[in-house]
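Colleague: This is the structure, below, for whatever I ask next.
Protein chains: 2
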Amino acid sequence: MSAFFEAHRTLLDQAVVATRTRGYWSAYPETASGKIYGETAKADGEAAFQAMLGKPFDIDQLGDKRVGREVSPYGITLGITYPALSVDRLLALSGAAGEAWGRASVEDRVGVCLEIIHCINRQSFLMANAVMHTTGQGFMMAFQAAGPNAQDRALEAVAYAYDEMKRVPGSANWSKPQGKSDPLVLDKVWRIVPRGVSLVIGCATFPTWNAYPAIFASLATGNTVLVKPHPGVILPLALTVRIAREAIKEAGFDPNVIMLAPDDAEAPITKELVTDPRVAIVDFTGSPVFGRWVREHAATELVFTEEAGINPIVIDSTSDFRGLCGNIAFSLTLYSGQMCTAPQNIFVPAGGIATDQGHKTFDEVAVGIGAAVDKLLSDPDRAMALLGAVQSEATLKRIEAARKLGSVVRDSAPVPVVGFAQARTASPLIVAVDAGDETAWGEERFGPIAFVIRMPSTTDAIALAAESASRKGAITAALYSTGEVVIDAAADAFAKAGVALSVNLTGGVYVNQSAAFSDFHVTGANPAGNACLTDTAYVANRFRVATVRRQRPPQA
Amino acid sequence: MSAFFEAHRTLLDQAVVATRTRGYWSAYPETASGKIYGETAKADGEAAFQAMLGKPFDIDQLGDKRVGREVSPYGITLGITYPALSVDRLLALSGAAGEAWGRASVEDRVGVCLEIIHCINRQSFLMANAVMHTTGQGFMMAFQAAGPNAQDRALEAVAYAYDEMKRVPGSANWSKPQGKSDPLVLDKVWRIVPRGVSLVIGCATFPTWNAYPAIFASLATGNTVLVKPHPGVILPLALTVRIAREAIKEAGFDPNVIMLAPDDAEAPITKELVTDPRVAIVDFTGSPVFGRWVREHAATELVFTEEAGINPIVIDSTSDFRGLCGNIAFSLTLYSGQMCTAPQNIFVPAGGIATDQGHKTFDEVAVGIGAAVDKLLSDPDRAMALLGAVQSEATLKRIEAARKLGSVVRDSAPVPVVGFAQARTASPLIVAVDAGDETAWGEERFGPIAFVIRMPSTTDAIALAAESASRKGAITAALYSTGEVVIDAAADAFAKAGVALSVNLTGGVYVNQSAAFSDFHVTGANPAGNACLTDTAYVANRFRVATVRRQRPPQA
Chain A
1 MSAFFEAHRT LLDQAVVATR TRGYWSAYPE TASGKIYGET AKADGEAAFQ
51 AMLGKPFDID QLGDKRVGRE VSPYGITLGI TYPALSVDRL LALSGAAGEA
101 WGRASVEDRV GVCLEIIHCI NRQSFLMANA VMHTTGQGFM MAFQAAGPNA
151 QDRALEAVAY AYDEMKRVPG SANWSKPQGK SDPLVLDKVW RIVPRGVSLV
201 IGCATFPTWN AYPAIFASLA TGNTVLVKPH PGVILPLALT VRIAREAIKE
251 AGFDPNVIML APDDAEAPIT KELVTDPRVA IVDFTGSPVF GRWVREHAAT
301 ELVFTEEAGI NPIVIDSTSD FRGLCGNIAF SLTLYSGQMC TAPQNIFVPA
351 GGIATDQGHK TFDEVAVGIG AAVDKLLSDP DRAMALLGAV QSEATLKRIE
401 AARKLGSVVR DSAPVPVVGF AQARTASPLI VAVDAGDETA WGEERFGPIA
451 FVIRMPSTTD AIALAAESAS RKGAITAALY STGEVVIDAA ADAFAKAGVA
501 LSVNLTGGVY VNQSAAFSDF HVTGANPAGN ACLTDTAYVA NRFRVATVRR
551 QRPPQA
Chain B
1001 MSAFFEAHRT LLDQAVVATR TRGYWSAYPE TASGKIYGET AKADGEAAFQ
1051 AMLGKPFDID QLGDKRVGRE VSPYGITLGI TYPALSVDRL LALSGAAGEA
1101 WGRASVEDRV GVCLEIIHCI NRQSFLMANA VMHTTGQGFM MAFQAAGPNA
1151 QDRALEAVAY AYDEMKRVPG SANWSKPQGK SDPLVLDKVW RIVPRGVSLV
1201 IGCATFPTWN AYPAIFASLA TGNTVLVKPH PGVILPLALT VRIAREAIKE
1251 AGFDPNVIML APDDAEAPIT KELVTDPRVA IVDFTGSPVF GRWVREHAAT
1301 ELVFTEEAGI NPIVIDSTSD FRGLCGNIAF SLTLYSGQMC TAPQNIFVPA
1351 GGIATDQGHK TFDEVAVGIG AAVDKLLSDP DRAMALLGAV QSEATLKRIE
1401 AARKLGSVVR DSAPVPVVGF AQARTASPLI VAVDAGDETA WGEERFGPIA
1451 FVIRMPSTTD AIALAAESAS RKGAITAALY STGEVVIDAA ADAFAKAGVA
1501 LSVNLTGGVY VNQSAAFSDF HVTGANPAGN ACLTDTAYVA NRFRVATVRR
1551 QRPPQA
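If you read the protein sequences in the order shown, they are chains A and B. As numbered in my numbering, residues 1 to 556 make up the first sequence, in order. As numbered in my numbering, residues 1001 to 1556 make up the second sequence, in order.
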């Protein structure tokens, strides 16, 4: 049994238990503290990042050419280039590396995976800089979400994969009674057989958090992995692959068990990879348009997607109006609404709602949320940290277009970032519309864009919110209500629509947060994605079981 | 908790353990004994079957018209008609029945499933007659394979589904420490959400054994089921649905939770069902041609298929030549080779093999197997019982065509069946060909058709057998060898090709037999099918998990 497995076994056992009990549990501390990560870790991480700029990325991987034109949403040009290979060579090298990896024991592979995650954890500050300057996330969010939180998601996938593989016994003696005759006896042996080459297509906003479950579920189950980053957000996954290759090599395997497959936006290789029959598994995070193309055109049937949706909030009543406004404002502000879990549509009865501050009209609710955003952004440091920068220029164009879709409750504006004069920023836009303005709110408008939607009643609001989730997809939903009957009705409606529901969040937990080992991220039951990250279904089909059954030779 | 669940709970717990230990275990006795099933059970079953002939099938299910033109392969016309509905009405009724079924507790649903299987078991003799006179199976095989063995497969699916659903806790308290501040606390509740309407498409040869895993996996996980039988083999699934509806009704649910969806060969409804977006799950057993169509055209992504393949045997050497010949002969003869697990291609080195009877030439091996078939069929009663009848006229045409594909080692011939002068029968055809005659052996030729293929060496035989399995599909493979190195090489090759391998079967276990709770039937890793019946992946995606997380109100 591998030394890596033994070294991390206690953590693994805890992780497996956590997937079943689903209370709070975390393996990797999200506090960016020198006491945990080393007193010089923050400075070392930033220095290491700075040292990479303008140079070829140092990775032990073959390349026919170099690609990479990353520009930070904070304005600096990264100037880092990465080795690139043809699809044919990538698949050939990955396939060759899979021979020994697929034959390795479950413990050997899982041990290597755990070691990789451990090594990634040690580089969390470097990763934070890499993620900040590719996705635009604020530094602290980049540290937490792309670092320890993503590492927890990786461990969760390994725990599920390990648990599932160990449910298949290695061997059994099968002895079937035959009345007075001797029993029929077979010795049976089972082995885990991987699918083959696994393609993981990363996204531009959460390159590690969204890709790690797929990468580690596939690696643990014996598949080799081609990591195809978004052409504008390569560095975080390049770092991941580099660290992984080192651990894989140290364990005595061909490092091509995992390979970076970068490309340029001008010469994309994703479609060629997806349609190649040598790719056995595809994991995709990205837009619904390309997600649909991937599902329809992939050569393999085994496609896991997280696409996007229109996440609703229904406001019926509250015993903490201030907390409600503050909580929603935070959700709209965090990373400028660029989370797949961020709310877009806030359904409010036209007649207003009952609150601890008395009756509030529809307009007062809308204005209350807008004012809470203003308050949150009134401190420039906090504004900068919370909003981060806007990853894509296209998001600014969407904000511009959304202004015209209704009555602007709170306008979006750039927010200065100290030290980065060229940063691309935008605070939340809040637009009031009617239920019938479905051309406005009925489409995903990625970025800091929210609609407050005037509804005839709470009942209509729940019905329309759930229906829009079933049709267009949604990952999260939130409800504010003091009525148990309303809460029960919403629980039923959103369960049927396949959306995770958060009720009466007014404190320090936000609807956009999804905790590893407790929250099932995406249900796979509406168009926001066809899979959950992570559940059993996410891992169980990444491997198959091969049987050898053997008649026992007659006793001598 | 339901009375049904309590009544069958001990059996369920044993079944769950059996799926994990995978030694011999069975819940339903396969001995067709009056001591087990009641002294009059055999006569009662036959009488009940006879009483059904020429009449409308008695089932509490709506119909706009009646369909059914079943003719027994033994020559009698069944003359039973079944109520049929339009696809639209079937889906509307099934969907409506799903509301309460999907909300029921795991225990309630699983209890009903266990009760259904129990009631089916009590009707095993009636089922044997129904299966014999639709599929052509001999009576004893029809009793065992379509009765208790199929019931075991049903229980296995329920056990997997139950175990998987129970891995999701019903609730948890999530409490995240916040240093010196109060922790963040959420109460979380999870519920199982079914996919919706599940379509199960049955086949003509093993209507119950192949459909039960799908039917019961879908029912247990909260889906409603439309059972679409092969138009020529309706009765066994009609009986199943009738029994199921009675138990479902007794438990207080709408019996339309399961519905028979029969059609005529002249007006088939399968394609309309498969392409309807209201169908959430499709399970298919049948030909690769239609299976491919189903996979490519289904509206849902969730498609489970068992198609077909070309199952190989590789003969390298043996310490029991007589046992080898007898065992293979039995496998070729049983149900006239109409099992999806029956071998088709027997790869033998051109230079012959070493045996306990000295060296045997290629021709001696082929002739030895042919002679063993003759011996097996020399007793007319045994011949009749083993061979059964040929389900489809098309199979006789395939035999006729196959005669011309090589050198006939043993010819096929009709075999008289006492009491059924019009029975459609055929004994095994064995044809010797060269490795290069791939147009002969390289296609599935369903029925009592086998090829003995002349190979340069055992190494080539293993390689070609495994390669043909990867390309054309295979569910089973067998190897005869006294050499551990050869056995290891075959184990590797067939594992990679996704085929279950049986080694040195010379006694009373045959390569075509697949035991519930021990053998994984189909791997899902080659074109013989995209799923395993049953493993975790077969059940885990039939339901999803919905979350409600709720901020705890501040303490009063």
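Beta carbons: idealized from backbone N, C-alpha and C, even for Gly.
1) With DSSP run on the structure shown, which of helix, strand or coil describes Leu93 of chain A?
2) Is the stretch 1220-1236 of chain B touching the stretch 1299-1313 of chain B, taking contact as three or more C-beta pairs under 8 Å?
3) Is Leu1505 of chain B close to chain A, meaning its C-beta is less than 8 Å from at least one C-beta of that chain?
4) Give the DSSP bridge partners of Gln1551 of chain B, in chain order.
5) By the three-class DSSP mapping on this structure, what secondary structure does Met1339 of chain B have?
6) Compute the Euclidean distance between the alpha carbons of Val1303 of chain B and Leu1533 of chain B, then round it to the nearest angstrom.
7) Could you give the distance in angstroms between the alpha-carbon of Ser1105 of chain B and the alpha-carbon of Gly358 of chain A?
8) In the structure shown, what three-state DSSP assignment does Pro1213 of chain B receive?
9) If you drop the 5 nearest sequence neighbours on each side, which residues of the same chain put their C-beta closer than 7 Å to that of Pro1029 of chain B?
10) Go through its chain and collect everything with a Cβ distance to Ser407 of chain A's Cβ below 6 Å, but skip five positions before and after it.
11) So with Cβ pairs under 8 Å, would you call Tyr510 of chain A a contact of chain B?
12) Cβ closer than 8 Å: which chain D residues qualify as neighbours of Gly1023 of chain B?
13) With contact counted as at least three CB pairs below 8 Å, one residue from each stretch, are the stretch 465-483 of chain A and the stretch 1156-1165 of chain B in contact?
14) Output needed for Thr1285 of chain B: all residues of its chain with C-beta closer than 6 Å, excluding positions within five of it in sequence on either side, in chain order.
15) Count Cβ pairs between the stretch 1091-1107 of chain B and the stretch 1252-1265 of chain B that sit closer than 8 Å; are there 3 or more?
16) Measure the Cβ-Cβ separation of Val158 of chain A and Val110 of chain A and say whether it is below 8 Å.
17) Considering only C-alpha positions, which residue in the set B:Glu1070, B:Ser1086 and B:Val1087 is nearest to Gly1079 of chain B?
18) Leaving out the 5 sequence neighbours to the left and right, which residues in its chain are closer than 7 Å to Leu85 of chain A when beta-carbon positions are compared?
19) Any chance you could list the beta strand (DSSP E) runs of at least 3 consecutive residues sitting entirely within the stretch 1336-1401 of chain B, in chain order?
20) When we look at the beta-carbon of Thr40 of chain A and count the other beta-carbons within 10 Å, is it buried (16 or more) or exposed?
21) Which residues mark the beginning and the end of the beta strand (DSSP E) in which Pro83 of chain A is found?
22) From the beta carbon of Val1545 of chain B, is the nearest beta carbon of chain A less than 8 Å away?
23) Between Asp1013 of chain B and chain A, is there a C-beta pair that is closer than 8 Å?
24) Does the distance from the C-beta atom of Asp60 of chain A to that of Arg278 of chain A stay below 8 Å?
25) Just the Cα atoms here: how many angstroms apart are Thr1361 of chain B and Gly1508 of chain B?
26) Within the 8 Å Cβ cut-off, does Asn541 of chain A reach chain B?
27) Which term fits Arg1454 of chain B, buried or exposed, when burial requires 16 or more other beta carbons within 10 angstroms of its beta carbon?
28) Flag this pair as yes or no: are the beta carbons of Ala385 of chain A and Met140 of chain A separated by less than 8 Å?
29) Could you tell me the boundaries of the alpha helix (DSSP H) in which Phe1243 of chain B lies?
30) How far does the beta strand (DSSP E) with Leu1443 of chain B in it extend, from its first residue to its last?
31) For the alpha helix (DSSP H) that Glu296 of chain A lies in, which residues bound it at each end?
32) Just the C-alpha distance for Leu505 of chain A and Ala1299 of chain B, rounded to the nearest angstrom, thanks.
33) Below 8 Å, can you find three or more Cβ-Cβ pairs linking the stretch 1374-1389 of chain B to the stretch 1485-1494 of chain B?
34) Could you check whether the Cβ of Cys340 of chain A sits closer than 8 Å to any Cβ belonging to chain B?
35) Name the chain A residues that come within less than 8 Å of Ser1518 of chain B, Cβ to Cβ?
36) What is the C-beta distance between Thr333 of chain A and Val373 of chain A, in whole angstroms, given that I count them as a contact (C-beta under 8 Å)?
Modeller: Quick answer:
1) Taking the first residue of the first sequence as position 1, residue 93 of chain A is located at position 93. If DSSP states are grouped into helix, strand and coil, Leu93 of chain A belongs with the helices.
2) no
3) Numbered from its first residue, the second sequence carries residue 1505 of chain B at position 505. It does: the Cβ of Leu1505 of chain B has a partner Cβ on chain A nearer than 8 Å.
4) Sequence index remark: in the second sequence, residue 1551 of chain B carries index 551 (1-based). According to DSSP, Gln1551 of chain B shares a beta bridge with B:Leu1186.
5) The sequence position of residue 1339 of chain B within the second sequence is 339, counting from 1. Coil at Met1339 of chain B, not helix or strand.
6) Your numbering for residue 1303 of chain B matches position 303 in the second sequence. Your numbering for residue 1533 of chain B matches position 533 in the second sequence. Between Val1303 of chain B and Leu1533 of chain B, the C-alpha separation is close to 13 Å.
7) Stepping through the second sequence from its first residue, residue 1105 of chain B is reached at position 105. Stepping through the first sequence from its first residue, residue 358 of chain A is reached at position 358. About 40 Å.
8) Position 213 of the second sequence, counted from the first residue, corresponds to residue 1213 of chain B. Residue state for Pro1213 of chain B is assigned as helix, using DSSP reduced to three classes.
9) By 1-based counting over the second sequence, the position of residue 1029 of chain B is 29. Around Pro1029 of chain B: Ile1036 and Pro1148.
10) Here residue 407 of chain A corresponds to residue number 407 of the first sequence, with the count starting at 1. For Ser407 of chain A, where only same-chain residues beyond five positions count, the Cβ hits under 6 Å are Ala432.
11) Counting from one through the first sequence, the residue named residue 510 of chain A turns up at place 510. No, Tyr510 of chain A lies away from the interface with chain B (no Cβ there is under 8 Å from its Cβ).
12) Absent from the structure is chain D; the protein chains it does hold are A and B.
13) no
14) Sequence index remark: in the second sequence, residue 1285 of chain B carries index 285 (1-based). Only residues of its own chain outside the window of five on either side were considered, and among them Cys1203, Asn1210 and Glu1306 have a CB closer than 6 Å to the CB of Thr1285 of chain B, listed in chain order.
15) Short answer: they touch.
16) As a first step, residue 158 of chain A must be located in the first sequence, where it is residue number 158. As a first step, residue 110 of chain A must be located in the first sequence, where it is residue number 110. Taking 8 Å as the Cβ cut-off, Val158 of chain A and Val110 of chain A qualify as a contacting pair.
17) On the second sequence, residue 1079 of chain B is found 79 positions in, with the first residue counted as 1. Considering only alpha carbons, the answer is B:Glu1070.
18) Numbered from 1 along the first sequence, position 85 holds the residue referred to as residue 85 of chain A. Leu62, Gly63 and Asp64, listed in sequence order.
19) 1343-1349, 1353-1355 and 1358-1360
20) Reading the first sequence from its first residue, position 40 is the one you call residue 40 of chain A. It is exposed - the Cβ of Thr40 of chain A has fewer than 16 other Cβ atoms within 10 Å.
21) Locating residue 83 of chain A in the first sequence gives position 83, counting from the first residue. Where Pro83 of chain A is concerned, the enclosing beta strand (DSSP E) stretches over Tyr82 to Ala84.
22) Stepping through the second sequence from its first residue, residue 1545 of chain B is reached at position 545. Taking Cβ atoms only, chain A reaches closer than 8 Å to Val1545 of chain B, which makes this a yes.
23) Translated into the one-based positions of the second sequence, residue 1013 of chain B becomes position 13. Asp1013 of chain B does not count as touching chain A.
24) Position 60 of the first sequence, counted from the first residue, corresponds to residue 60 of chain A. Position 278 of the first sequence, counted from the first residue, corresponds to residue 278 of chain A. Result no, Cβ atoms of Asp60 of chain A and Arg278 of chain A do not sit closer than 8 Å.
25) Here the question's residue 1361 of chain B lines up with position 361 in the second sequence. Here the question's residue 1508 of chain B lines up with position 508 in the second sequence. About 26 Å.
26) Working through the first sequence from its first residue, we reach residue 541 of chain A at position 541. Cβ-Cβ to chain B under 8 Å: yes for Asn541 of chain A.
27) Along the second sequence, read from residue 1 onward, the residue named residue 1454 of chain B stands at position 454. By the 10 Å Cβ count, Arg1454 of chain B comes out buried.
28) As a working mapping, residue 385 of chain A is identified with position 385 in the first sequence. As a working mapping, residue 140 of chain A is identified with position 140 in the first sequence. Cβ distance < 8 Å, so Ala385 of chain A and Met140 of chain A count as in contact.
29) Residue numbering aside, residue 1243 of chain B sits at position 243 when the second sequence is read from its first letter. In the sequence as presented, Phe is not what sits at residue 1243 of chain B; that position holds Ile. Where Ile1243 of chain B is concerned, the enclosing alpha helix (DSSP H) starts and stops at Leu1235 to Glu1250.
30) The residue given as residue 1443 of chain B occupies position 443 in the second sequence. Note that residue 1443 of chain B is Glu in the sequence shown, not Leu. No beta strand (DSSP E) contains Glu1443 of chain B, which DSSP labels as neither H nor E.
31) To locate residue 296 of chain A, count along the first sequence from 1; it is residue 296. Per DSSP, Glu296 of chain A belongs to the alpha helix (DSSP H) from Pro288 to His297.
32) In the first sequence, counting from the first residue as 1, residue 505 of chain A sits at position 505. In the second sequence, counting from the first residue as 1, residue 1299 of chain B sits at position 299. Answer to the nearest angstrom: the Cα atoms are 38 Å apart.
33) No, the stretch 1374-1389 of chain B does not touch the stretch 1485-1494 of chain B.
34) Within the first sequence, the letter at position 340 stands for residue 340 of chain A. Answer no: the Cβ-Cβ gap between Cys340 of chain A and chain B never drops below 8 Å.
35) Counted from its first residue, the second sequence places residue 1518 of chain B at position 518. The contacting residues are Ala172, Trp174 and Lys188.
36) Mapped onto the first sequence, residue 333 of chain A falls at position 333. Mapped onto the first sequence, residue 373 of chain A falls at position 373. With 8 Å as the limit, Thr333 of chain A and Val373 of chain A qualify as a contact, their Cβ atoms being about 6 Å apart.
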